[in-house]
Each structure stands twice: as structure tokens, then as C-alpha cells.
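A.B. asks: Protein chains in written order, with our numbering: chain U, 595 to 980; chain P, 595 to 980.
For every residue, glycine included, the Cβ atom is placed at its ideal position computed from N, Cα and C.
This structure is a prediction, so every number in the text was calculated from the model and none was measured.
Attaching a single structure in C-alpha cells format; questions to follow.
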DNA sequence: CATATCTTTGAATCACCAT
DNA sequence: GATGGTGATTCAAAGATAT
């Protein structure tokens, strides 16, 4: 590390016979600062690199969160907000200019068949997506990272923000991008990998700390980068990350046998990243699979059956012996004798029990006989699961 | 249907006494073409409607990027046929002009506290999202419709496109938008509703056909609209859909006791939609009810419990772990360690917290066990409510 | 040592009314 | 517009502490 290494730019991904048009195939070997952090602004850093020299750019740019005042949890604690200076922009126009500047340089240094990944939230991802389309990138997929354990919405004011969005784009419409279809299908138990990926947020041992506090406010999970790199790069490829932070991209690249280049302005992030990547060990292919593919367990809420028409609002549910009868309402709550609540809660109430499994307690009349509500759930699952 | 109906613009959501600031409350009743399809271009249709007159706009715009043609072609947008990227940019510019045109009219007719929903895919959603931010809309959530049964990627060239994206936005940053938190929590088995919704695509009986072929290429499932409307509108609200298609929005609005207005140019879509909505059955009043948030329930002052004898002056309250003990006084104030104040204030003081909900923080001993003070409030409410 | 309970925490555009 | 009072509000996972 730390030395300019010489690598040959590969001919092209596919057969080099016919696709070698405007590609870098005729260029001589280029000098790239491989496996190093360029400790400066990413636009400046990328400007020091030659045209068409990297295979992939993975970017986790500032989200421009625009947070208001402090936020307190119901139990009184304060939420540790992302209030770093690097996330502050004066306006959308300023943010757009910033975005187009780095996207443009990234596009210049990308090989013709290289591709770009960007991750963001609703605060910034629409601007980033529109900007990259304007610059000529061609979107291949948008990918949803469904967080297994997102932060709740403490005040009950909106839907829980439980995902982030990634955009995968090639340099241009006609590019012959890399997509390792088989590798993805293997990871996903022989089913095609979908555009929604379920993964936990970065925590536990993986979360880097310095003096007991998190080293970076928005560290991304390595599993995410694993899947991205495994899917859309090959061994030996060069991956550049313009917003390197604590070096998740570098650590995963090393483990997967890819070269990496990071851009990062902040010294303390650089120090953490260098130490981390030094400690990272290249992995066997076989070890990868265990880190991935926990498929989302099909969990059906009672309300879903109401929404989808399996059970109409107004339907009367009853206990097995028909002793208790309750009415289904539009939001999936039950109404019994002035009490309202979930099928579980009302089930417990009528029995004066501490708890109750409403799925097996309540029955509905299908015209012929009483049937357990749980049967409907099974029917729904059969109809909707692949 | 088919008649201009007169409705009163509601005062405001909550009590109309004091909150009538800049809302539409001072406006006279307005004439709206309720529960009708306006058979023309949506921009033209919306122009015929008054300012601040609808509660929600739900839009499923086309994402054919070539659409609009000369009609929305921006002034001076020259086409350079030599460069693909420029050609592409030009078509994006046309699409953006089209998008901003309808978004702008939609914003004009939205009430100050109304909200907008748009659904799209990666082809168009980034442009729509950036455009609506530019126009002053304030994004509240992006929602992922995770398709339970998406179409596979037959060629194995990309990830299976298994989701679509919805954006939920208020008219402006400060708007007091409607969000039926409790109803959503009910639908989701007592967990906060997240930003990723799993639902099957529209098929089976629900999929409308004409002469054996599907009546509309992108018919949305009613379950999706059901959740959208239940979450962000109230009964009696007016929902406008600028791209009505075969009328999913109208059918669900009718079922849920909302008014609807559709815009649709194509005659055969209109015919299918009218027939469909005619057949849709509205829910009964009782079925429509959803659980209220505590906010909407009558407030009980702590002192009332003391006055009415539910809690005697001199009673000792304590925190859950019995660590802190405070004494109830005759006026409903608490005394702890020389400090006096409301249950909330003293709760905050003992915890050294910025705020505290005293109802849930303090417990009393009923002789057998510790019970939350909030239980007493519920008891009081049950005893005094009709 | 095993199990149970408590504590901490994560990219968050996070209340509302009266004065 | 600013301030202050009332009171509404959380899910999953990991780690620490208690039984």
C-alpha cells in the first residue's frame, strides 16, 4: 500500500474482438494510486486520475439531511443526530452543483464498461438520480436496502424510515456492464436476486469506535458492499470511493480481491480506515455465502388481510364456541363491547387473559362453517409468495 | 355522480375555534366536480378547479420519457443529433417540463395541509422527486412497494425489478399534514408501519379485462390505495387523481368514504373506470371507523382525578422501579424533595430529563401491585364517556 | 454457566397550543 | 415570532447486568 502500482487496463469485459470501439483498450498501462486513500476533496482527487481507468465507483455522498432541533426519545434520551459540517448545504442548488461536480469526474475516470453505485435517502437520492441521468449515466436498477432494524419514528409522525436507496448505473446506455448473474442467484438460494435487499444496519463488533464513541456517524454494513462488488465487479477490478469515510469499501475490496482507491478529507476518518483495512483479511468465496441472504420471513399483519380484501371491514369474527363476537374495522382493529384493539388484544380482553394469539382464537363464517382466521393468513401467503 | 356537488371546505382538522389561521377556513363553500371523471388533459382539468380545494392528490404518471412531444418542449431546447447524451438530455427536459406542469397545478389546488402521493419506477421517480422538491413540496417519506410476485428478469442481465417507489409529500415544510398513526399501527399488528410495504401485484379477479385482454397496462392494486388513503386522509376528504386510468383511486375512495375526482383523456379507460366504480360498495359508517390517536381523545387533567376521588391527596406515587417517590397534593400538584409541580414537570425533574409524560412515568400502589397512573385516566374516561 | 432482564443505540428533514 | 406548559411517543439487536 502507499505505492503507485502499475496495472494493465483490461481490453474489455466481454469478448474483446468486436466491442473494442472507443474503449480504453488501446491505451497503455496507466499509473493508479491503488489501495490508497487520497487525502483531499474527491473532485480534486479524481482530477488527478486518468480518463477511463477505474471499473467501478461506489459513492456514499452526504445526504443533506436538513434536520431541525433536537430529537428526544420517549424514554428521555437524546438521538445522536448527524449534524456534521460535511452534511450541511445552503440550498438544493448548492447541493446539485456539488453532486454534478463529483458525478462528472467519476464518469470521466470510469472505464466505458464500468459502473456507478450511489446510496442515499429521500433527502438527496432524487436529486442524485436526476443529476446522473442528466450527465448521461444509464440507470440499470434501483436497489432498496430494507433495514432489518431501523430506528423507529419516535414521535409517531410518519412512517418508520426503514430503508435506503441505491442506484446502479452504467456509464452510458450501450455499455457492456458487468453483472455476475450466477453469483447473485447462488447467494439467493437459486432464486434471482431481487431489487430489495434485507440487511441489518451496521452495529455490534463491526461498528468502528474510537474512545468508546462511534468513529463515523453513518458507517455502512460490509454485507452491503459485498453484494454490490460481488454482483458488478470482477476480481482484480479497481473500485473507487469518493466519500471513503472509515473505509468499508476498501475493507470489502481487499477481502474480495479487488483494488481500491479512496478519497477522504478528514484525517481521523483516514486513520481509522487505514488501520481497519490493514487488519482485513482476504476471504474465501465459500465464506461469503454465510454473510448474506437471510430471506425476509413472511410476516403477515392482520390488517393486510383487510387491505387486500381477504376479510372485509364489517366482518364479524367470533370465538370457536361463538360466545364472543367482534367486528372488523377498516384499519384492522377489532371492536367488541366498546373495547377496541388488535385481534390479539381483544382476544385477551374477552377471555380476561393476559395474552392471546388472535390468529388461532378468532373464527369467521365462510358461509358453510366456522374457519380460523389463521387459515386466511395461510391462503394469503400461498397466493403471494413466489 | 355526474353532478356538481356543493361541499363545505372543512374548517380545519381539529377544533375549528382557534386554529383558523392561513387555512382555507374562511373560504365559502366551493363547487367541485366530485366523484366524476374530467375527460381531458390533467393540467387543463386542474386549471378548472379553485385554489386550495382538495385534500390529497394521488398520481401515477406515465414514464414514457418521450411523451409530451412538442406540447411541452422547452423553449430553445436544441437537439444535437450527433451526441446520444444530448438527445437523451433533451427528452429528460421534455419530461421534466411535463412533470413540473402537472405538479404545479396540483400544488395550487391542494389545501395548505393537503398532501401529494406519486408512484413511479427508476425510469422517472428521480426526476419527479427532484421536481417536486424544486416546486416547494416537502417530502415526508419515500415508500417502497415491495412486490410479492414481480415479473422475473428473463434475460438475467440485471436484478429482478421487484419494487416501485412512492413519494409522500406535504405542500410545504410547515404544513400540518394528516397522518393516521394509530390506524397504521393497527394495520401492522401493533408495530409502527414502516416505509416498505409488501403487497402482491394486481392480478386475478381484481385485474380488469376487456375482451379478454387487460384493460390497463399498469393497474395498481386497490390494497395500495387503501393504505395510502387510510393513512393520510380523513373520511369526507377530496382525493384527486390526475392520471386516473381505470379508476383504482376512485374505487377505493368510494369504499373508504372519501370523495374523488379523476382526470383521464382516454375514453376507453373512462368507460372501464365508471363501470368499476359504480359497482364498488362503500363501507358502513361503523366499519369505516378507525382507532383514534390519544391526541384526538378528550383530555383529562391530572387534578380531575384528585377532585373526583380517583386518587386521594396524600397518595404516594413512585417511578416504576420505586426509586423516586412523590406525594399528591390537593390541587393535583406533586411534591418531591422540596420540588413542586405537575406530574410531568416533577417526572422530568427527578429524571433530570428535558420532558416527561407523567401519565406513564408515575405509578401508584393499588394494594396488590404497582399500576400506572394512566390506567386511572382510562378508567375515568370509560366511566364518564357515553 | 444458563437464562432473564435491563440498557443502549441507529443517516431523523419527528408536537402543539396558549400566551 | 418566541417562550413555556402539557403531554404523546419506540423497534430490533447487541451488550451489560441480574437471577
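Give me, in chain order, the residues of the same chain whose beta-carbon lies closer than 8 Å to that of residue 915(U); leave out the 5 immediate sequence neighbours on both sides.
C.D. replies: Hits under 8 Å: none found.
A.B. asks: Using the Cα positions of residue 858(P) and residue 902(U), report the straight-line distance between them to the nearest angstrom.
C.D. replies: If you take the alpha carbons of residue 858(P) and residue 902(U), they lie about 26 Å apart.
A.B. asks: Using 10 angstroms around the beta-carbon of residue 880(U), count the other beta-carbons present and answer buried if the total reaches 16, otherwise exposed.
C.D. replies: At residue 880(U), the pLDDT of 49 sits below 50, so the modelled position is not reliable and the matter cannot be decided from this model.
A.B. asks: Against residue 764(U), what residues of chain P qualify as contacts under a CB-to-CB distance less than 7 Å, listed in chain order?
C.D. replies: The premise fails here: residue 764(U) is roughly 10 Å from chain P at the closest Cβ pair, so nothing lies under 7 Å.
A.B. asks: Among the candidates 705(U), 909(U), 687(U) and 730(U), whose CA atom is the shortest distance from the CA of residue 771(U)?
C.D. replies: Taking only the C-alpha atoms, the option nearest residue 771(U) is 705(U).
A.B. asks: Please go through the same chain and pick out, in chain order, the residues whose beta-carbon is closer than 6 Å to the beta-carbon of residue 778(P), but skip the five residues on each side of it.
C.D. replies: Result list for residue 778(P): 787 and 825, in chain order.
A.B. asks: Taking 8 Å as the cut-off, decide whether the C-beta atoms of residue 743(P) and residue 795(P) are in contact.
C.D. replies: Taking 8 Å as the Cβ cut-off, residue 743(P) and residue 795(P) qualify as a contacting pair.
A.B. asks: Among residues of its own chain, excluding the 5 on either side of residue 643(P), which ones have a beta-carbon nearer than 6 Å to its beta-carbon?
C.D. replies: Cβ neighbours of residue 643(P) beyond the five flanking positions: 703.
A.B. asks: For residue 918(P) and residue 892(P), what's the separation of their Cα atoms in angstroms?
C.D. replies: Roughly 29 Å between the two C-alpha positions.
A.B. asks: Label residue 701(P) either buried or exposed according to how many other C-beta atoms from any shown protein chain fall within 10 Å of its C-beta, with 16 as the threshold for buried.
C.D. replies: So residue 701(P) ends up on the buried side.
A.B. asks: I want to verify the contact list: residues of chain U whose CB lies under 9 Å from the CB of residue 950(P), in sequence order.
C.D. replies: Near residue 950(P) (Cβ distances below 9 Å), the residues of chain U are 670.
A.B. asks: Note down, in chain order, each residue of its chain lying with its Cβ closer than 8 Å to the Cβ of residue 677(U), except the 5 sequence neighbours on either side.
C.D. replies: Result list for residue 677(U): 661, in chain order.
A.B. asks: Determine the contact status of residue 894(P) and residue 905(P), defining contact as a CB-CB distance below 8 Å.
C.D. replies: No; because the gap between Cβ atoms is not below 8 Å, this pair is not in contact.
A.B. asks: Three-state secondary structure (DSSP) at residue 969(P)?
C.D. replies: Correct three-state label for residue 969(P): helix.
A.B. asks: Quick one: what does DSSP say residue 975(P) is sitting in, helix, strand or coil?
C.D. replies: Helix.
A.B. asks: Measuring straight from C-alpha to C-alpha, what distance separates residue 896(U) and residue 954(U)?
C.D. replies: If you take the alpha carbons of residue 896(U) and residue 954(U), they lie about 12 Å apart.
A.B. asks: Tell me residue 940(P)'s beta-bridge partners as DSSP assigns them.
C.D. replies: According to DSSP, residue 940(P) bridges with nothing at all.
A.B. asks: Are the Cβ atoms of residue 789(U) and residue 755(P) separated by less than 8 Å?
C.D. replies: It is a contact, given that the beta carbons lie within the stated cut-off.
A.B. asks: Over the uninterrupted beta strand (DSSP E) stretch that includes residue 867(P), give me the two end residues.
C.D. replies: Looking at the DSSP string, residue 867(P) is not in any beta strand (DSSP E); the run it does join, the alpha helix (DSSP H), is 861 to 873.
A.B. asks: Give me whichever residues DSSP pairs with residue 853(P) in a beta bridge.
C.D. replies: DSSP lists 832(P) as partners of residue 853(P).
A.B. asks: CB-CB under 6 Å to residue 847(P), same chain, minus the five flanking residues each way: which ones, in chain order?
C.D. replies: Counting only Cβ-Cβ distances below 6 Å, and skipping sequence neighbours, we find 833 and 854.
A.B. asks: In chain P, what lies closer than 7 Å to residue 775(U) by C-beta?
C.D. replies: What residue 775(U) touches in chain P: 750.
A.B. asks: Establish whether the CB of residue 958(U) and some CB of chain P are separated by less than 8 Å.
C.D. replies: Taking Cβ atoms only, chain P never reaches closer than 8 Å to residue 958(U), which makes this a no.
A.B. asks: Check for me: the beta strand (DSSP E) holding residue 779(U) runs from which residue to which?
C.D. replies: Segment 775 to 781 is the alpha helix (DSSP H) holding residue 779(U); no beta strand (DSSP E) there.
A.B. asks: List, in chain order, every chain U residue whose beta-carbon is nearer than 7 Å to that of residue 656(P).
C.D. replies: Simply none; closest approach about 17 Å.
A.B. asks: Report the rounded CA-to-CA distance for residue 626(P) versus residue 636(P), giving the unit in angstroms.
C.D. replies: C-alpha separation (whole angstroms): 15 Å.
A.B. asks: Distance cutoff 8 Å, beta carbons only. Does residue 643(U) sit that close to anything in chain P?
C.D. replies: Judged by the 8 Å Cβ criterion, residue 643(U) is not in contact with chain P.
A.B. asks: Spatial neighbours of residue 956(P) within its chain, please: C-beta separation below 6 Å, excluding the five flanking residues on both sides.
C.D. replies: The residues are 911, 937 and 967.
A.B. asks: For chain P, find out if any of its Cβ atoms is closer than 8 Å to the Cβ of residue 617(U); answer yes or no.
C.D. replies: Low confidence applies to residue 617(U): its pLDDT is 42, below 50, so where it sits in the model is not reliable, and the reading given next is rough at best. No, because no Cβ of chain P sits closer than 8 Å to the Cβ of residue 617(U).
A.B. asks: Taking only beta carbons into account, state which residues of the region 730 to 746 of chain U come closer than 8 Å to chain P, listed in chain order.
C.D. replies: Cβ contacts with chain P come from 730, 733, 734, 735, 736, 737, 738, 740, 744 and 746.
A.B. asks: So for residue 609(P), helix, strand or coil by DSSP?
C.D. replies: With a pLDDT of 35 at residue 609(P), under the threshold of 50, the modelled position of this residue cannot be trusted; read the value that follows with caution. Correct three-state label for residue 609(P): coil.
A.B. asks: Mind checking the region 785 to 816 of chain U against chain P and listing, in chain order, the residues whose C-beta falls within less than 8 Å of any C-beta there?
C.D. replies: Taking 8 Å as the Cβ-Cβ cut-off against chain P, the residues of the region 785 to 816 of chain U that qualify are 786, 787, 788, 789 and 790.
A.B. asks: Examine chain P for any beta-carbon lying closer than 8 Å to the beta-carbon of residue 972(U), and answer yes or no.
C.D. replies: Not an interface residue.
A.B. asks: Quick one, which of 818(P), 632(P), 874(P) and 913(P) has its alpha-carbon nearest residue 740(P)'s?
C.D. replies: The residue with the shortest Cα to Cα distance from residue 740(P) is 818(P).
A.B. asks: Residues in its own chain within less than 6 Å of residue 946(P) by CB, not counting five upstream and five downstream?
C.D. replies: Correct list: empty, nothing qualifies.
A.B. asks: For residue 924(P), collect the residues of the same chain with a Cβ closer than 8 Å to its Cβ; drop the 5 residues on either side in sequence, then sort them by chain order.
C.D. replies: Counting only Cβ-Cβ distances below 8 Å, and skipping sequence neighbours, we find 900 and 907.
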